[in-house]
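Going down the list, the sequences are from chains W and H. Just so you know, my numbering puts the end of the first sequence at 281, numbered straight through with nothing missing. Just so you know, my numbering puts the end of the second sequence at 842, numbered straight through with nothing missing. The beta carbon of each residue, even a glycine, is placed where N, CA and C say it ideally should be. All values reported here derive from a predicted model rather than from experimental measurement. Heads up, the thing below is written out as structure tokens.
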Amino acid sequence: MDLDALAGCLSSSACLVTQTTSGLIIGMLLFLVAVGLTLIFGVLKVVNFSHGAFYMFGAYFAMTAYQLTGSFALAMLAGAAGTAILGLIFERVFMSRVYGADVLMQLLVCYAFVLIFDDVVRLIWGPEFKSMGMPSAFQVMPLFIAGGVVPPYYLLLIGVALVAAVVLGIGLSRSRIGKVIRAAAQNPGMVSALGINTGLIYGGVFALGGMLAGLAGALAAPVRSLTPGMGFSVLIESFIVTVIGGMGSILGALIGALLLGLIRSFGSLGFPLFTEGLMYLFMVIVLVSKPTGLFGKEAA
Amino acid sequence: MTELEAGHAQGLAPVRGGSVLQRYRDVLIALIAFAVLASLPLLTGSKALLDFVIRCSAYGLFATSLNLLVGYTGLTSFGHGMFFGLGAYSFGLIMQKLGVPIPVAFVATLAITALIAAVIGAICVRLKEIYFAFVTLAFQMLIHSTILSWASFTGGDQGLRGGIPRPVFLGIDLANHVHLYIASCALLILGLLAMRQIAQSPFGYTLRMIRDNAARASFLGIDVWRAKLTVFVLAALFAAMGGMVMALFVSGAYPEFAYWTISGEGIFINMLGGVSTFLGPMVGTVLLLLLNDTVTRFTEYHGIVLGVVILFFALGLRKGLLDFVAEWFSQRRDAGEGR
Chain W
-18 MDLDALAGCL SSSACLVTQT TSGLIIGMLL FLVAVGLTLI FGVLKVVNFS
32 HGAFYMFGAY FAMTAYQLTG SFALAMLAGA AGTAILGLIF ERVFMSRVYG
82 ADVLMQLLVC YAFVLIFDDV VRLIWGPEFK SMGMPSAFQV MPLFIAGGVV
132 PPYYLLLIGV ALVAAVVLGI GLSRSRIGKV IRAAAQNPGM VSALGINTGL
182 IYGGVFALGG MLAGLAGALA APVRSLTPGM GFSVLIESFI VTVIGGMGSI
232 LGALIGALLL GLIRSFGSLG FPLFTEGLMY LFMVIVLVSK PTGLFGKEAA
Chain H
504 MTELEAGHAQ GLAPVRGGSV LQRYRDVLIA LIAFAVLASL PLLTGSKALL
554 DFVIRCSAYG LFATSLNLLV GYTGLTSFGH GMFFGLGAYS FGLIMQKLGV
604 PIPVAFVATL AITALIAAVI GAICVRLKEI YFAFVTLAFQ MLIHSTILSW
654 ASFTGGDQGL RGGIPRPVFL GIDLANHVHL YIASCALLIL GLLAMRQIAQ
704 SPFGYTLRMI RDNAARASFL GIDVWRAKLT VFVLAALFAA MGGMVMALFV
754 SGAYPEFAYW TISGEGIFIN MLGGVSTFLG PMVGTVLLLL LNDTVTRFTE
804 YHGIVLGVVI LFFALGLRKG LLDFVAEWFS QRRDAGEGR
């Protein structure tokens, strides 16, 4: 425990800005992963335990595309589109076979793919740590806000995640497709009877979730190191986010992710060894006081 | 999936009349099993085989205790591994710091586990389904984080090193490999027998009723919360026993013992072996350990092989191996009787 360091940071505006931005980028990356998780749970009622793998594939796809083309935009596209296709195939070929089965069976299928995907990445890209490197466009002077250092790339990352949040939120509540998706979440039988292909919706939602996780991985690739199994810790943290925010709630995922990012960033100052513990403690407190999460609906 | 749906392998009727007979039968089977296991060192000099059985004892106790929650009560705990880790750490720390005789440390560990399980369980069992799973997972990770960060006490990420002292008691020397082997087998068999008695007792049938219809159980005057808490604590005790066997085997304790992957493996073992038959988790344990040992010998990509095997069980059989066999037998018997 190092409470002096925490108190010292809280009284210095420079440190406050630096820690808050780093908390925000952790939070925004987590949000992108978690919102996919929460969406898939909300519509398909499946806890996608293999979601971290999509984050991992997004990062590796982006790195490979960047090395081949040198274009940052193409790298992001490769991360997002590649995982979307992967998600669609995964859902149609495997997950769709265990709908309505025991929850444990669904978990087992996902667990199997966690093992398989990690090994596939080791097979293709090798077991060692990789790094994509910061694209040259962002190798510029960092901004100084109130004495704190903020790399421009962080701002881009936060911006992209915010745009994704707004588009998702509006898309789901206003657009026709959003309404169909919400209807399918409520009553798939009725939606199907109206002549709408629910299989297509399920596949689409899974692909969308996979795409968001892949985008997060691609965005993280320049600032994190890549390794097989990198999806694991992200998966656990995004689970905490969805559970804290309430399973199925997009706003909950956003708030939960930001809270968790800030807990991580400031917790690492005050409780360097117990940072992870702080997150779990927070999760326990939330679940005990409100079992469905902050924005979750009461189960029927 | 549930025992009632799984066929007629084990009817519900003979609870009272058959229970005494069944108890004698179970004790007899346990004695025979112990005799067979205990005679292994006489038949073979293979240390690897004995090691394998010791590991099976540790994981088997853990997995079977988890099935008391998952299969019998319908409580899917993602955090059951915390009691495996707690058992290993408590036992190791008591032996290292206090130097008491092994049986004292054994009982003390069970007491500590019961206390912690009662507190955690009291909070967890109020929640349902996926929320129960997540809150147990959170508690497990909280304990894991505590082990990691309280380095002065637990050794942090290095684990509990320096070996666990094993003073001789009642002529049993657990530093001796054969003695350790026999003791592990005895603990396994005693633990399984005790869990079997719990599962077949009226309390065990109460648990099944809670699993199948908690509301009805409640209407019939059963205190559902208390029954769930009781089985939560009982299962924790047997998981801690598994942890102690493991701690004795590796002569230490490591943070991985309390990591959530242990719970994941426990669930996986149960699914592999079957949750509707009492010995399903034991079959799953042997299967998983065998798989791990053989596959890692042939390829470094054992995740792919293991994953494909899991897919076969999940998408192909759709149930654990022993459940599948039991169902197949009961169907054949029914067909034979012309039903």
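Is it right to say residue i is buried, meaning 16 or more other beta carbons lie within 10 angstroms of its own, or is it exposed?
{"i": "ARG714 (chain H)", "result": "buried"}
{"i": "ASP99 (chain W)", "result": "buried"}
{"i": "GLY274 (chain W)", "result": "buried"}
{"i": "TRP763 (chain H)", "result": "buried"}
{"i": "LYS822 (chain H)", "result": "buried"}
{"i": "PHE656 (chain H)", "result": "exposed"}
{"i": "LEU515 (chain H)", "result": "The predicted model places LEU515 (chain H) with a pLDDT of 47, which falls under 50 and marks its position as unreliable, so this point remains unresolved."}
{"i": "MET774 (chain H)", "result": "buried"}
{"i": "TYR41 (chain W)", "result": "buried"}
{"i": "LEU534 (chain H)", "result": "exposed"}
{"i": "SER214 (chain W)", "result": "exposed"}
{"i": "ALA281 (chain W)", "result": "Low confidence applies here, because ALA281 (chain W) scores a pLDDT of 36, under 50, leaving its location unreliable; read the following figure in that light. ALA281 (chain W) should be labelled exposed."}
{"i": "GLN661 (chain H)", "result": "exposed"}
{"i": "GLU803 (chain H)", "result": "exposed"}
{"i": "GLU257 (chain W)", "result": "buried"}
{"i": "LYS600 (chain H)", "result": "exposed"}
{"i": "PRO670 (chain H)", "result": "exposed"}
{"i": "LEU592 (chain H)", "result": "Sequence inspection shows Tyr at residue 592 (chain H); the Leu mentioned does not correspond to that position. Classification for TYR592 (chain H): buried."}
{"i": "ILE66 (chain W)", "result": "exposed"}
{"i": "ALA118 (chain W)", "result": "exposed"}
{"i": "ILE701 (chain H)", "result": "buried"}
{"i": "LEU151 (chain W)", "result": "Residue identity check: residue 151 (chain W) is Ile in the sequence provided, not Leu. Exposed, by the Cβ-count rule."}
{"i": "GLY212 (chain W)", "result": "buried"}
{"i": "ARG664 (chain H)", "result": "exposed"}
{"i": "ALA127 (chain W)", "result": "exposed"}
List the whole-angstrom C-beta distance separating residue i from residue j, where the pair is believed to meet the contact cut-off of C-beta under 8 Å.
{"i": "LEU791 (chain H)", "j": "THR616 (chain H)", "result": "Incorrect: roughly 24 Å between the Cβ atoms, too far for contact."}
{"i": "PHE565 (chain H)", "j": "PHE587 (chain H)", "result": "5 Å"}
{"i": "LEU85 (chain W)", "j": "ILE770 (chain H)", "result": "7 Å"}
{"i": "VAL812 (chain H)", "j": "LEU794 (chain H)", "result": "6 Å"}
{"i": "LEU540 (chain H)", "j": "CYS688 (chain H)", "result": "4 Å"}
{"i": "LEU696 (chain H)", "j": "TYR261 (chain W)", "result": "Not really, about 36 Å apart at Cβ, beyond 8 Å."}
{"i": "ALA15 (chain W)", "j": "ALA164 (chain W)", "result": "Incorrect: roughly 23 Å between the Cβ atoms, too far for contact."}
{"i": "LEU196 (chain W)", "j": "MET57 (chain W)", "result": "7 Å"}
{"i": "LEU732 (chain H)", "j": "VAL628 (chain H)", "result": "5 Å"}
{"i": "GLY746 (chain H)", "j": "LEU589 (chain H)", "result": "7 Å"}
{"i": "GLY810 (chain H)", "j": "ALA93 (chain W)", "result": "4 Å"}
{"i": "PRO784 (chain H)", "j": "ASN570 (chain H)", "result": "5 Å"}
{"i": "MET585 (chain H)", "j": "GLN643 (chain H)", "result": "4 Å"}
From the DSSP secondary-structure annotation, give me the bridge partner or partners of residue i.
{"i": "LEU207 (chain W)", "result": "W:LYS111"}
{"i": "PHE125 (chain W)", "result": "W:VAL130"}
{"i": "HIS756 (chain H)", "result": "Note on residue identity: the sequence assigns Ala, not His, to residue 756 (chain H). According to DSSP, ALA756 (chain H) bridges with H:LEU663."}
{"i": "PHE672 (chain H)", "result": "H:ILE675"}
By how many angstroms is the C-alpha of residue j removed from the C-alpha of residue i?
{"i": "ARG558 (chain H)", "j": "MET192 (chain W)", "result": "41 Å"}
{"i": "MET228 (chain W)", "j": "GLY277 (chain W)", "result": "6 Å"}
{"i": "ALA(-14) (chain W)", "j": "LEU651 (chain H)", "result": "21 Å"}
{"i": "PHE787 (chain H)", "j": "GLY767 (chain H)", "result": "Note on identity: in this sequence residue 787 (chain H) is Gly, with Phe being the wrong assignment. Between GLY787 (chain H) and GLY767 (chain H), the C-alpha separation is close to 13 Å."}
{"i": "LEU189 (chain W)", "j": "ALA201 (chain W)", "result": "18 Å"}
{"i": "PHE832 (chain H)", "j": "VAL573 (chain H)", "result": "24 Å"}
{"i": "ALA829 (chain H)", "j": "ASP837 (chain H)", "result": "12 Å"}
{"i": "LEU259 (chain W)", "j": "GLY248 (chain W)", "result": "7 Å"}
{"i": "ARG711 (chain H)", "j": "ALA636 (chain H)", "result": "19 Å"}
{"i": "MET598 (chain H)", "j": "ILE225 (chain W)", "result": "39 Å"}
{"i": "MET9 (chain W)", "j": "VAL147 (chain W)", "result": "13 Å"}
{"i": "PHE815 (chain H)", "j": "LEU138 (chain W)", "result": "40 Å"}
{"i": "VAL27 (chain W)", "j": "GLY(-11) (chain W)", "result": "44 Å"}
{"i": "PRO132 (chain W)", "j": "GLY114 (chain W)", "result": "14 Å"}
{"i": "LEU673 (chain H)", "j": "ALA538 (chain H)", "result": "20 Å"}
{"i": "VAL(-2) (chain W)", "j": "TYR135 (chain W)", "result": "12 Å"}
{"i": "PRO169 (chain W)", "j": "GLY129 (chain W)", "result": "50 Å"}
{"i": "THR19 (chain W)", "j": "THR639 (chain H)", "result": "20 Å"}
{"i": "SER560 (chain H)", "j": "LEU690 (chain H)", "result": "8 Å"}
{"i": "VAL172 (chain W)", "j": "GLY624 (chain H)", "result": "41 Å"}
{"i": "ILE236 (chain W)", "j": "VAL24 (chain W)", "result": "20 Å"}
If you pair each beta-carbon of the stretch 41 to 56 of chain W with each one of the stretch 171 to 178 of chain W, do three or more pairs fall below 8 Å? Contact between the stretch 41 to 56 of chain W and the stretch 171 to 178 of chain W is absent, because fewer than three Cβ pairs lie under 8 Å.
For the stretch 242 to 260 of chain W against the stretch -8 to 6 of chain W, do three or more pairs of beta-carbon atoms, one drawn from each stretch, fall closer than 8 Å, so that the two count as touching? yes
The stretch 747 to 762 of chain H in contact with the stretch 593 to 612 of chain H per 3-pair CB rule at 8 Å: yes
Just checking, does the stretch 206 to 213 of chain W make contact with the stretch 105 to 114 of chain W on the three C-beta pairs under 8 Å criterion? yes
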